[in-house]
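These notes are about the structure you will find just below.
In the UniProt record's numbering, the protein residues as written are 1 to 665.
Shown next, in the form of structure tokens:
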């Protein structure tokens, strides 16, 4: 043990510290082996109880006062596995000390033997009560050495004894002394045999208890083995689930990247399509400006121009957003979660853009409906204008033909009829001329005839004027018809212009719908993909759940490994104690056959010398000294209790973690 003195050890307790081993051995008034430690560090002032002395006996020296502490050797070994066991070494040291004790040739008196046997029995009872090993092996070896000395003294030849004692009285004294020595030796052997039997019974009982504890531990190990198997199976299943969830997460992340690439490609295609359509619209506007198309004839061109400007601004914004996405989407991203959150923000912005585009489309549809209503109003107004022009022309024609020409024609026809009637009357009068030649009326008739001719000529002149006016009215009517034709052609041109405007409007709507269709389809696909894909919160919860499962798995494995290690250490400790008990039992078995012949030899010698039977050891023990109490059944105070401390004899904790050790020492 000298090599352990001065070594640095861990001091057990609630507030662990360090100290230097100063003493190993027993303490006066205490049973068992203790270690004296000089505390160091902050625990020296709080846990130091003495200066290396107990009950006025100094066991070791300390550098600072009140820094010493005595602890049981088993408790020190519990936290310092490098320390050896001291049972065998302690027994061997006792044997070695007993071999150095001087022996007198004369045997001790009976009272001394009885006191020694009482002391051995008392030590045996204290040892079995405290559950510790007693140094009875050393006492046995001391008695054996005494017997060997006595046997050597008694084995001298008779010639030597006769030469020393020269008379008959000397022989009687020698015989009496020899008989008393044999009686004392026999009593000592019987007491030693009883003590050995008690020790053997105690060792057997302790071995049985150890075997029971070992069997219980083995049963516990057998019970824990399937539990450990179940835990391992559950851990394997959890590992498989974790691996599967990680694979699903990687697959979802890969699909998310593919959908992002698809969205970017679709956006690039939409951008190229927008640019192509913008170029087409620019060319069409150039053609319209070259052809002298007036915006007053088609008021929807300004609106289309404003819509085109809005499309250009939207395209520029989409370009900027695409550049932002391309700048932020790099292949060497560090944090995938931040990237997913950024993509969700972009998708949210795209949804807002889609909603704004939908609002613009609704406004354009409203504008188209307003244009349709305006065109219908113009058509109605055009129809009304056509009806009014036709009515005005008809009224003019009617005014010219019916009011003027009809009245004049009727008047001229009436005048012609009057003239014809007058001509007929003149013809009748000419037929009556021969009759009237004789009368004076001829000259009168000639004068009337001349006046009638002049009137006829005047009437013919008027008829010619009327014919000229009729021709002028006909030419005027032709001019009115030409103006009607011109108005009709203008109306047709206006209708054609309106139809062209409608066609351009429909074309622009078709172009806008064709432009919006891929974008709307992409938006719907993105919305569906967004609904199908897990959100950022779900991915975060999944990651947190995986971390919790992994942490629980690690803690559970750590606890099970700790329990298994503790059980293995306890099993090794119990096996070691069982091996020590087996060695002790073997030593006891080896010592009992050695005692039996020695025990029988004095009896035979006493019989041959005519000695009487020896009294019972209990009888002379009662006569000469106090009796030793030995209970019929051993009582274990720790039986039926889960935790029992043999140090303070209280339950609720074991002796390795006794909170009252500082009060005891």
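Glycine included, every Cβ here is placed at the ideal spot set by N, Cα and C.
Note that this is a predicted model, so its numbers are computed, not measured.
Check: Is the beta carbon of residue 588 sitting closer than 8 Å to the one on residue 189?; Outcome: no
Check: For residue 21 versus residue 7, is the C-beta spacing smaller than 8 Å?; Outcome: yes
Check: In the DSSP assignment, find the unbroken alpha helix (DSSP H) run with residue 656 in it and report its ends.; Outcome: Careful: residue 656 lies outside any alpha helix (DSSP H) and carries neither H nor E.
Check: Please check the pair residue 46 and residue 15, which I expect to be a contact at CB under 8 Å, by giving their CB distance rounded to whole angstroms.; Outcome: 7 Å
Check: Whole angstroms are fine: how far does the CA of residue 506 sit from the CA of residue 366?; Outcome: 14 Å
Check: Note down the Cα distance separating residue 203 from residue 578, rounded to an integer number of angstroms.; Outcome: 11 Å
Check: Three-state secondary structure (DSSP) at residue 578?; Outcome: helix
Check: Taking DSSP as the reference, what is the three-state secondary structure of residue 666?; Outcome: Summary: the structure shown does not reach residue 666, with the chain confined to residues 1 through 665, and so no result is reported for it.
Check: Which residue comes first and which comes last in the beta strand (DSSP E) that contains residue 21?; Outcome: 17–25
Check: As a quick exercise: from 69, 228, 545, 381, pick the residue whose alpha carbon is nearest that of residue 245.; Outcome: 545
Check: Would residue 643 and residue 654 qualify as a contact pair, given that the criterion is a beta-carbon distance under 8 Å?; Outcome: yes
Check: Is the distance from the Cβ of residue 581 to the Cβ of residue 207 below 8 Å?; Outcome: yes
Check: Cα-Cα, which of 253, 271, 471 is closest to residue 522?; Outcome: 271
Check: Could you check if residue 475 is buried or exposed, using at least 16 other CB atoms within 10 Å of its CB as the buried criterion?; Outcome: exposed
Check: For residue 62, does the three-state DSSP call read helix, strand or coil?; Outcome: coil
Check: By alpha-carbon positions, which one of 43, 196, 461, 56 ends up nearest to residue 590?; Outcome: 196
Check: Taking only three categories from DSSP, how would you classify residue 40?; Outcome: strand
Check: Is it buried or exposed, residue 660, if we count other Cβ atoms within 10 angstroms and call 16 or more buried?; Outcome: exposed
Check: Rounded to whole angstroms, what is the Cα-Cα separation between residue 697 and residue 465?; Outcome: Only positions 1 to 665 of the chain appear in the structure, and residue 697 is not among them; the question remains open.
Check: Which residues share a DSSP beta bridge with residue 320?; Outcome: DSSP output for residue 320 lists no bridge partner at all.
Check: Can you have a look at residue 34 and say buried or exposed, based on whether 16 or more other CB atoms are within 10 angstroms of its CB?; Outcome: buried
Check: Residue 9 and residue 76 look like a contact to me (Cβ under 8 Å); what is the Cβ gap, rounded to whole Å?; Outcome: 6 Å
Check: If distances are taken between C-alpha atoms only, which option among 647, 651, 632 comes closest to residue 641?; Outcome: 651
Check: What ranges does the alpha helix (DSSP H) occupy inside the stretch 179–227, keeping only unbroken runs of at least 4 residues that lie completely in it?; Outcome: none
Check: Helix or strand or just coil, what does DSSP make of residue 635?; Outcome: coil
Check: Using three-state DSSP, classify residue 552 as helix, strand or coil.; Outcome: helix
Check: Count the other CB atoms, across all protein chains shown, that sit within 10 Å of the CB of residue 471; report buried if there are 16 or more and exposed otherwise.; Outcome: exposed
Check: Give me the residue from 39, 23, 31 with the minimum Cα distance to residue 17.; Outcome: 39
Check: I'd like to know whether the C-beta atoms of residue 213 and residue 574 end up nearer to each other than 8 Å.; Outcome: yes
Check: Bridge partners for residue 53 per DSSP, in chain order?; Outcome: 58
Check: Just mark residue 499 as buried or exposed, buried being the case when its beta carbon has 16 or more other beta carbons within 10 Å.; Outcome: exposed
Check: Tell me whether the stretch 171–178 and the stretch 538–555 touch, counting them as touching only if at least three CB pairs, one residue from each stretch, are closer than 8 Å.; Outcome: no
Check: For the alpha helix (DSSP H) containing residue 703, list its first residue and its last residue.; Outcome: A question about residue 703 goes unanswered here, because the residues of the chain that appear run from 1 up to 665.
Check: Quick check: what's the CA-CA separation for residue 372 versus residue 283?; Outcome: 26 Å
Check: So what does residue 10 bridge to, in DSSP terms?; Outcome: 18
Check: Please check the pair residue 37 and residue 79, which I expect to be a contact at CB under 8 Å, by giving their CB distance rounded to whole angstroms.; Outcome: Not a contact, Cβ separation roughly 12 Å.
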